[in-house]
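All remarks here apply to the structure that follows.
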Amino acid sequence: MCRGLYYAFSKVLNNPTVLFRRKLAVVKAYLLTGGTYHCGRWSEPNKTIFSKLNHAVLKIYRSAVGNAFFKKDISELLCDKDVVYEYNLIAPVTLIRSSRLQLFSRMVGKNVHLLLDTLFHCSNVSGGWVSALKKDFQWLSMSGKIIVPTYEVDQLVQCVATNPRALSNQVRRFSLSPFANLDLLRNAPSLSPNSNVSLCCNVCGSVQPSLQQLRLHMLKKAW
Ligand SMILES: [Zn+2]
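Going by the numbering used here, 344 is the number at position 160 of the sequence shown; the sequence numbering is gapless.
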């Protein structure tokens, strides 16, 4: 974010008279345009890059909704997943996914042979942009609106070629639904490891997946 934009942004976000909904609208507009400009060209970012993006986006969200460390009582702080879910926001990974799918729809809609040939050529490569695109279609199929027999490049092109604009609209609609934004940390599984630990609260019997969460739970109960 450039310096001028940063000051303009903080003026809006730190202004107590600006309505909360308006702040969120400004933030979403920024992220969907300049903030994630050309992220559709990315393949799946690695853990380090994804963590940086996740942090940057969530920092803006937290400032807008007022759930940031410097303002809130620590017991009232929400985790990243809850911030996105509670305020119906677009998860950072969804920003990249929807941008990539929109780019694909433009590619097919404009019938750019050079790019489509490259896609066919890379269709069996295990990493990279094409592989990320296949995963995006699997994610989009959860909406129940797009049915692709197999996630192969030729099938995907065929599926989109009939109506590229419909794919674009479908992606836009689905990315705004809370269901599409549940797997916030898929790209960085180590940030949300599956826990096999279950620690029991000796006051109310509630089961927590980590010692930190158990202590937080007990602290909340004590108040
Ligand atoms: Zn308890």
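In this text, a Cβ means the ideal position worked out from N, Cα and C, and glycines have one as well.
As the structure is a prediction and not an experimental result, all values here were calculated from the model.
Checklist line | Length of the line joining the Cα atoms of Asn-295 and Gln-342 | finding: Here residue 295 refers to the residue found at position 111 of the sequence shown. Here residue 342 refers to the residue found at position 158 of the sequence shown. For the pair Asn-295 and Gln-342, the Cα-to-Cα distance works out to about 12 Å.
Next item on the list: Compute the distance between the beta-carbons of Val-337 and Phe-358, then report whether it is under 7 Å.
Entry: Position 153 of the sequence shown holds residue 337. Position 174 of the sequence shown holds residue 358. No Cβ-Cβ contact shorter than 7 Å links Val-337 with Phe-358.
Next item on the list: Please check the pair Ile-244 and Val-211, which I expect to be a contact at CB under 8 Å, by giving their CB distance rounded to whole angstroms.
Entry: Locating residue 244 in the sequence shown gives position 60, counting from the first residue. Locating residue 211 in the sequence shown gives position 27, counting from the first residue. Confirmed, Cβ separation roughly 5 Å.
Next item on the list: Ignoring anything shorter than 3 residues or poking outside the region 189 to 276, list the beta strand (DSSP E) runs there in chain order.
Entry: Those beta strand (DSSP E) runs which fall completely within the region 189 to 276 and span 3+ residues do not exist here.
Margin query: Please tell me whether Val-249 and Tyr-271 are closer than 7 Å, where the distance is taken between their beta carbons.
Written below: Along the sequence shown, read from residue 1 onward, the residue named residue 249 stands at position 65. Along the sequence shown, read from residue 1 onward, the residue named residue 271 stands at position 87. Result yes, Cβ atoms of Val-249 and Tyr-271 sit closer than 7 Å.
Next item on the list: Please indicate yes or no: does the CB of Ser-390 lie closer than 6 Å to some heavy atom of ligand 1?
Entry: Locating residue 390 in the sequence shown gives position 206, where the first residue counts as 1. For ligand 1, at least one heavy atom lies less than 6 Å from the Cβ of Ser-390.
Notebook entry, point to check: Mapping DSSP to helix, strand and coil, what is Val-341?
Noted result: As a first step, residue 341 must be located in the sequence shown, where it is residue number 157. Assigned with DSSP and collapsed to three states, Val-341 falls in helix.
Notebook entry, point to check: Can Val-292 be considered in contact with ligand 1, in the sense that its beta carbon sits closer than 6 Å to one or more heavy atoms?
Noted result: As a first step, residue 292 is located in the sequence shown; it is residue number 108 there, counting from the start. Every heavy atom of ligand 1 is 6 Å or more from the Cβ of Val-292, so no.
Margin query: Quick check on DSSP: helix, strand or coil for Leu-383?
Written below: Counted from its first residue, the sequence shown places residue 383 at position 199. Reduced to three states, the DSSP call for Leu-383 is strand.
Margin query: For a test of your reading of the model: does the CB of Lys-404 fall under 6 Å from any non-hydrogen atom of ligand 1? Yes or no.
Written below: Numbered from its first residue, the sequence shown carries residue 404 at position 220. Look at Lys-404: its beta carbon is at least 6 Å from all of the heavy atoms in ligand 1.
Next item on the list: With a threshold of 16 other CB atoms inside 10 Å of the CB of Glu-260, please say whether the residue is buried or exposed.
Entry: In the sequence shown, residue 260 corresponds to position 76, counting from 1. Residue environment for Glu-260: exposed (fewer than 16 other C-beta atoms within 10 angstroms of its C-beta).
Check: Are the Cβ atoms of Val-292 and Ala-350 separated by less than 7 Å?
Finding: Reading the sequence shown from its first residue, position 108 is the one you call residue 292. Reading the sequence shown from its first residue, position 166 is the one you call residue 350. Cβ atoms of Val-292 and Ala-350: not closer than 7 Å.
Notebook entry, point to check: So, is Lys-404 buried or exposed, given that buried needs 16 or more other C-beta atoms within 10 angstroms?
Noted result: In the sequence shown, residue 404 corresponds to position 220, counting from 1. It is exposed - the Cβ of Lys-404 has fewer than 16 other Cβ atoms within 10 Å.
Note to self: Under 6 Å: does the beta carbon of Cys-384 sit that close to some heavy atom of ligand 1?
What the structure shows: Taking the sequence shown and counting its residues from 1, the one referred to as residue 384 is at position 200. Between ligand 1 and Cys-384, a heavy atom-to-CB distance of less than 6 Å is absent.
Checklist line | Touch test, the region 218 to 238 against the region 274 to 291, Cβ-Cβ under 8 Å, three pairs minimum | finding: At 8 Å Cβ cutoff, the stretches touch.
Note to self: Here's the rule: buried if 16 or more other CB atoms are within 10 angstroms of the residue's CB, otherwise exposed. What is Ser-194?
What the structure shows: The residue labelled residue 194 in the question sits at position 10 within the sequence shown. Taking all protein chains in view, the Cβ of Ser-194 is surrounded by fewer than 16 other Cβ atoms within 10 Å, so the residue is classified as exposed.
Check: How would you label Leu-317, buried or exposed, when you count the other beta carbons within 10 angstroms and need 16 or more for buried?
Finding: Against the sequence shown, residue 317 aligns to sequence position 133. With at least 16 other beta carbons inside 10 angstroms of its own, Leu-317 counts as buried.
Check: From this set, Val-355, Ser-327, Pro-333, Cys-263, which residue's C-alpha is nearest Leu-287's C-alpha?
Finding: Against the sequence shown, residue 287 aligns to sequence position 103. The residue from Val-355, Ser-327, Pro-333, Cys-263 with its alpha-carbon nearest to that of Leu-287 is Val-355.
Next item on the list: With a threshold of 16 other CB atoms inside 10 Å of the CB of Pro-229, please say whether the residue is buried or exposed.
Entry: Working through the sequence shown from its first residue, we reach residue 229 at position 45. Classification for Pro-229: buried.
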